[in-house]
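Going by full-length UniProt numbering, the first residue of the sequence shown is number 1, and it counts up by one from there.
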Amino acid sequence: MRPDLPPLSIGARALLAGATFVLLLAATSALGSLVDGAGWWWLCGFITAGVLGAGLGLRALRTPAGLVPVLQSAVLVILLTLVFGGSTSFALIVPTADTVERFATLMAGAERTIQQQSVPAIPVPPLLFALAVGVGVLAIAADVLVQLVRRPALAAIPVLVPVFIPGFILEDGAEVIVLLFTAAAFLVLLRLDVRVRRRAELAHPDTGEDAAVVVAPRRAPLASTIGATVGVAGIGLVAAAVLTASTPSISQSLLLGSQSTGTLFSRGVSPFIDLGRDLRRPDAVPAFSYTARDGDRPYFTLLTLDRFEGEVWGATDRAVDGDNTVDRMPRPIGLDQAVETAEHPIDVVIEELRTTWLPVPYPTASIERLDGSWFWERESLTVRSVDASTEGQRYRANRLVATPTAEQLRSSDLLPSDALSQYRALPEDRPAVIAETAAAVAGSAATPYDAAVAIQEFLRGEDFSYSVDAPVEEGYDGGGFDVIASFLEVGEGYCVHFASTMAVLAREVGIPSRISIGYVAGSPTDERIDNLSVVQVDSHDLHAWPELFFAGVGWVAFEPTPGRGVVPSYTRPDAAQGPTSPLPSGSAAPQTGRPELDPDRGLSAGAVGATSTAGEVWLRVGALGVLALLVVLAPAALRLGQRWSRRRRARHGPGRAQAAWDEIRATARDLGAGGAETETPRAFAAHVAIRPAFDGDAGAALAELRNAVERERYGPPAEADPARLTADEIRDAVHDVRKALAADAPPAVRLRAVFLPASLLGPVRLRGRGSPAGA
């Protein structure tokens with residue numbers, strides 16, 4: 001018997017490589033429900049073709065088998081350099097130190113984009129890089145299993161990775177059509193492998209004195225093989241469907257981003273609580289600095305809250321649109337062309353602010369010089385990234401300054417009842433004092449604008465004062481309706497309470513409103529750049545303010561918080577004398593409250609990154625742990641299935657002695673007790689029988705199995721040989737031999753045999769040409 005399987009021709013290897021390519025592409029299609037567009041799929045196809053083609057070419061050049069996967073890895077690096085290296089590479093394909101650094105940056109960005117994006121994800125460069133690396137590694141693994149190990153059935157292990165991923169993220173898992181194509185491609189691979197093996201055996205028949213002399217088997221009818229193939233396909237599809245349906249779907253906040261992950265603040269009340277804690281920190285943390293040629297001192301918006309979750313404010317969950325790049329941003333919603341506008345450039349340098357939301361003035365016309373992929377949201381024009389953060393960014397925001405007149409604001413008509421209804425919605429169950437206050441303060445106003453100004457003047461009046469301590473001491477911190485009711489009674493609070501109260505009172509009288517969270521203008525420093533004063537913004541400049549919508553002008557900022565920010569000029573008595581800016585702008589330094597508190601308390605605005613609750617973190621760790629456990633247990637599961645199949649054949653099927661002998665040889669190989677593959681059953685038995693554990697019953701059982709397999713291979717048919725062992729006798733003999741083999745092995749070897757069975761990596765026996773099935 002030959003020590004190796006018959007070699008394959010280059011044509012046969014090309015067929016197997018082609019089938020592996022189709023299988024990987026079909027499996028990769030399962031990610032289509034997670035990633036937007038189709039360009040990423042073509043990239044995966046290019047990488048897969050390059051890796052598999054390199055392996056085929058290397059084998060055609062008779063490269064040593066063990067060296068092929070190493071060289072395929074080098075080809076993968078070259079392909080990644082060609083696609084992602086850009087100017088960092090030499091001759092486009094040779095990576096340099098800069099290329100390695102770029103790859104590290106892309107991989108870090110991939111981790112962020114997986115955390116920050118929701119489904120379907122935008123295929124930004126870091127995500128494409130991660131997909132290319134992943135499919136390249138899977139291609140190498142599949143190629144090794146199909147071409148080197150010659151076990152194409154094991155190729156299902158890497159192929160199942162992209163097929164199972166949607167089941168962890170989406171309720172429905174992968175699409176059924178993808179499962180069908182993947183199963184079909186897998187069966188084609190198995191069928192082609194059988195065909196090329198048979199052709200190779202015919203082309204390289206056994207010769208020499210050691211060649212097995214066997215009786216040729218009868219040919220199985222074509223219909224039976226088709227039936228078996230259809231049966232395997234049906235079982236595979238049912239299993240895939242059951243696995244997909246039963247796999248617990250994990251929230252998008254765990255694997256492909258969340259509705260809040262990556263923001264400076266969490267959702268709901270948390271933005272208010274975190275903002276208050278930062279304001280109460282005794283030592284300010286630098287956030288960013290900026291210079292403005294036109295002397296602008298705008299507010300910088302990070303996040304907009306526009307809806308209620310229960311009785312607290314939250315941000316509407318909107319998917320990121322990959323077309324909304326910041327090189328050009330649209331005109332704000334509601335701003336008529338008749339309103340005069342101008343662009344003012346503002347150069348921003350981020351210092352210790354780390355978040356995925358970019359601080360920009362509202363509205364901004366365009367942003368330049370950003371690193372990473374950044375996109376604007378249509379309703380609020382807030383800007384966020386799916387693969388980067390603000391850390392270390394230096395950019396130019398071209399602020400769009402609109403100058404409507406006070407009369408334009410005052411003449412704005414009340415919107416129809418169904419217009420912007422989401423910005424006027426209020427929960428039904430809210431304290432009566434809110435509606436009563438709105439009616440008393442703004443019920444008699446002639447226009448919506450007059451009502452808004454009246455609400456602002458009421459909150460800035462002598463009945464209210466600024467305090468970051470009172471809400472905590474009195475137990476009403478946050479922005480819920482009960483908090484607003486308490487605030488109206490106590491009359492003390494900070495920007496969160498003033499902003500949420502004005503926004504709710506505005507909705508009570510029918511004015512659309514929302515809350516912006518960001519930074520006030522900051523404080524000028526003595527430093528100058530290009531003869532422009534550098535303005536410093538720190539964590540004590542964090543602020544919340546209301547924005548109200550007026551037809552023809554759009555969203556307009558108000559400042560109801562006394563002692564903070566700048567009062568908009570269009571709310572002052574002389575506002576009607578000329579054009580005004582709908583956004584606060586001025587040089588006055590804001591007042592801040594800085595009481596003595598524990599400096600380590602709260603969530604620092606300069607140090608927060610992507611946040612999640614402790615429960616989400618542990619659930620994510622648990623999910624990844626389960627996935628890792630499945631990968632670790634996969635070889636053991638495959639080996640257990642193989643043992644179960646052989647036991648069934650040894651009890652019910654033809655060739656029962658051969659099935660039992662196969663299991664003995666596999667067990668010996670797993671435990672490091674097997675002889676050479678060229679050994680006959682008699683030589684193998686003699687090699688094993690010298691072990692101490694085989695003195696006695698185990699040795700006799702081994703001899704019985706040896707005789708049984710020899711009689712089955714070379715003796716008369718079973719019906720003419722009454723001396724053959726029964727199924728029960730074979731089962732008992734296998735049990736005794738396996739027990740003896742395990743007894744001779746150290747505990748570490750037995751553990752390795754369970755979780756890393758060596759018998760899965762190569763043949764445990766050799767079949768001679770013309771041997772019966774199962775021989």
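Glycine included, each C-beta is placed from N, C-alpha and C at the ideal position.
All figures in this text were calculated on a predicted structure; none of them were measured in a lab.
What did DSSP end up calling GLY136 once you bin it into helix, strand or coil?
As a working mapping, residue 136 is identified with position 136 in the sequence shown. DSSP places GLY136 in helix when its eight states are reduced to three.
Please look up how many angstroms separate the CB atoms of ALA551 and GLY334, rounded, as I've assumed it's under 8 Å.
Against the sequence shown, residue 551 aligns to sequence position 551. Against the sequence shown, residue 334 aligns to sequence position 334. Sure, about 7 Å apart at Cβ, within 8 Å.
CB contact flag (ALA438, LEU505, <7 Å)
Along the sequence shown, one-based indexing puts residue 438 at 438. Along the sequence shown, one-based indexing puts residue 505 at 505. In contact: ALA438 and LEU505 (Cβ atoms closer than 7 Å).
Label PRO757 either buried or exposed according to how many other C-beta atoms from any shown protein chain fall within 10 Å of its C-beta, with 16 as the threshold for buried.
Taking the first residue of the sequence shown as 1, we reach residue 757 at position 757. That one is buried.
Whole-angstrom C-beta distance between THR301 and GLY518, which should lie under 8 Å
Within the sequence shown, residue 518 is the residue found at index 518, counting from 1. Within the sequence shown, residue 301 is the residue found at index 301, counting from 1. Confirmed, about 4 Å.
Looking only at its chain, what residues have a beta carbon closer than 6 Å to the beta carbon of ILE47, apart from the 5 residues adjacent to it on each side?
Position 47 of the sequence shown, counted from the first residue, corresponds to residue 47. These residues qualify, in order along the chain: LEU79, ALA132, VAL135 and GLY136.
Once the 5 residues before and after LEU426 are set aside, which same chain residues still bring their CB inside 8 Å of it?
Translated into the one-based positions of the sequence shown, residue 426 becomes position 426. Closer than 8 Å at Cβ, skipping near neighbours: PHE308, VAL504, ARG507 and GLU508.
State the Cα-Cα distance for the pair LEU305 and ALA452, rounded to the nearest angstrom.
In the sequence shown, residue 305 corresponds to position 305, counting from 1. In the sequence shown, residue 452 corresponds to position 452, counting from 1. Roughly 19 Å between the two C-alpha positions.
How big is the Cα-Cα spacing for ALA454 and GLU559?
Position 454 of the sequence shown, counted from the first residue, corresponds to residue 454. Position 559 of the sequence shown, counted from the first residue, corresponds to residue 559. It is roughly 12 Å from the alpha-carbon of ALA454 to the alpha-carbon of GLU559.
Can you grab the Cα-Cα spacing for the pair ALA470 / THR561, in whole Å?
Start at 1 with the first residue of the sequence shown, and residue 470 comes out as number 470. Start at 1 with the first residue of the sequence shown, and residue 561 comes out as number 561. When rounded, the distance between both Cα atoms is 15 Å.
Alpha carbons only, please: which of ARG297, ALA287, GLN408 and GLU391 is nearest the one belonging to residue 776?
Nothing in the structure corresponds to residue 776, since the chain is present only between 1 and 775.
Do SER385 and TRP376 have their beta-carbon atoms positioned less than 7 Å apart in this structure?
Within the sequence shown, numbered from 1, the residue matching residue 376 stands at position 376. Within the sequence shown, numbered from 1, the residue matching residue 385 stands at position 385. Contact flag unset, no.
Provide the residue span of the alpha helix (DSSP H) that contains ASN324, from first to last.
Locating residue 324 in the sequence shown gives position 324, where the first residue counts as 1. Where ASN324 is concerned, there is no enclosing alpha helix (DSSP H), given that its DSSP letter is neither H nor E.
Ends of the beta strand (DSSP E) at TYR290?
By one-based count along the sequence shown, residue 290 stands at place 290. In this chain, the beta strand (DSSP E) harbouring TYR290 covers 286 to 292.
Quick one: residues in its chain with C-beta nearer than 7 Å to the C-beta of VAL196, no 5 flanking neighbours on either side, listed in chain order?
By 1-based counting over the sequence shown, the position of residue 196 is 196. The answer, listed in chain order, is LEU8, ALA12, LEU15 and LEU16.
Nearest to ALA338 by CA position, among LEU31, TRP357 and ALA402, is which residue?
Working through the sequence shown from its first residue, we reach residue 338 at position 338. For the residues LEU31, TRP357 and ALA402, the minimum Cα distance to ALA338 belongs to ALA402.
So the candidates are ARG528, GLU175 and LEU23; which of them puts its Cα closest to the Cα of ARG191?
Stepping through the sequence shown from its first residue, residue 191 is reached at position 191. Selected option, being the one with the closest Cα: LEU23.
At the level of alpha carbons, what is the spacing between ALA292 and ASP347?
Counting from 1 along the sequence shown, the entry for residue 292 is found at position 292. Counting from 1 along the sequence shown, the entry for residue 347 is found at position 347. The straight-line gap from Cα to Cα measures roughly 7 Å.
Sorted by chain position, which residues of the same chain lie with C-beta nearer than 6 Å to LEU629's C-beta, five sequence neighbours on each side aside?
Position 629 of the sequence shown, counting from 1, holds the residue named residue 629. Hits under 6 Å: none found.
Taking DSSP as the reference, what is the three-state secondary structure of ILE350?
What you label residue 350 is simply residue 350 of the sequence shown in a count that begins at 1. Taken through DSSP and simplified to helix, strand or coil, ILE350 comes out as strand.
How would you call THR28, buried or exposed, if buried means at least 16 neighbouring beta carbons within 10 angstroms?
Taking the sequence shown and counting its residues from 1, one reaches residue 28 at position 28. It counts as buried.
Whole-angstrom distance between ALA141 and residue 776, CA atom to CA atom
This structure cannot speak to residue 776, because the chain is shown only from 1 to 775.
Using the Cα positions of PRO330 and ARG378, report the straight-line distance between them to the nearest angstrom.
By 1-based counting over the sequence shown, the position of residue 330 is 330. By 1-based counting over the sequence shown, the position of residue 378 is 378. Rounded to the nearest angstrom, the gap between the Cα atoms of PRO330 and ARG378 is 8 Å.
Near PHE181, which residues of its chain fall below 6 Å by C-beta distance, leaving aside the five closest residues on each side in sequence?
Mapped onto the sequence shown, residue 181 falls at position 181. Contacts found: ALA26.
Through-space distance from ARG724 to SER759, alpha-carbon basis:
Along the sequence shown, read from residue 1 onward, the residue named residue 759 stands at position 759. Along the sequence shown, read from residue 1 onward, the residue named residue 724 stands at position 724. Each residue's alpha carbon lies about 27 Å from the other.
What's the gap between the Cα of ALA748 and the Cα of ARG731?
The count along the sequence shown starts at 1 and reaches residue 748 at position 748. The count along the sequence shown starts at 1 and reaches residue 731 at position 731. Approximately 27 Å between the Cα atoms of the pair.
Exposure of TYR395, with buried meaning 16 or more beta-carbon neighbours within 10 Å
In the sequence shown, the residue the question calls residue 395 occupies position 395. The residue is buried, with at least 16 neighbouring Cβ atoms inside 10 Å.
Taking its Cβ as the centre, do 16 or more other Cβ atoms sit within 10 Å of TYR362, making it buried, or is it exposed?
The count along the sequence shown starts at 1 and reaches residue 362 at position 362. Classification for TYR362: buried.
Identified DSSP bridge partners for GLN536
If you number the sequence shown from 1, residue 536 lands on position 536. Per DSSP, the beta-bridge partners of GLN536 are SER289 and SER523.
Uninterrupted alpha helix (DSSP H) stretches inside the segment 395 to 473 (no shorter than 4 residues)
The segment 395 to 473 contains these whole alpha helix (DSSP H) runs: 406 to 410, 432 to 442 and 448 to 459.
Considering only the alpha carbon of each residue, which of VAL737, ARG682 and ILE177 lies closest to ALA693?
By one-based count along the sequence shown, residue 693 stands at place 693. It is VAL737 whose Cα lies nearest to the Cα of ALA693.
The alpha helix (DSSP H) spanning GLU368 covers which residue range?
The residue given as residue 368 occupies position 368 in the sequence shown. Run containing GLU368: none in the alpha helix (DSSP H); it sits in the beta strand (DSSP E), 364 to 368.
Do the CB positions of ALA673 and LEU741 come within less than 7 Å of each other?
If you number the sequence shown from 1, residue 673 lands on position 673. If you number the sequence shown from 1, residue 741 lands on position 741. Taking the C-beta atoms as reference points, LEU741 is found nearer than 7 Å to ALA673.
Run of the alpha helix (DSSP H) containing residue 783, from where it starts to where it stops:
This structure does not reach residue 783, given that the chain is present from 1 up to 775, and the question cannot be answered.
Among LEU640, PHE129, THR382 and THR99, which one has its Cα closest to the Cα of PRO332?
For this step, residue 332 is matched to residue 332 along the sequence shown. Answer by Cα proximity: THR382.
Between the alpha carbons of ALA121 and ALA637, how many angstroms are there, rounded?
Here residue 121 refers to the residue found at position 121 of the sequence shown. Here residue 637 refers to the residue found at position 637 of the sequence shown. One C-alpha to the other measures close to 34 Å.
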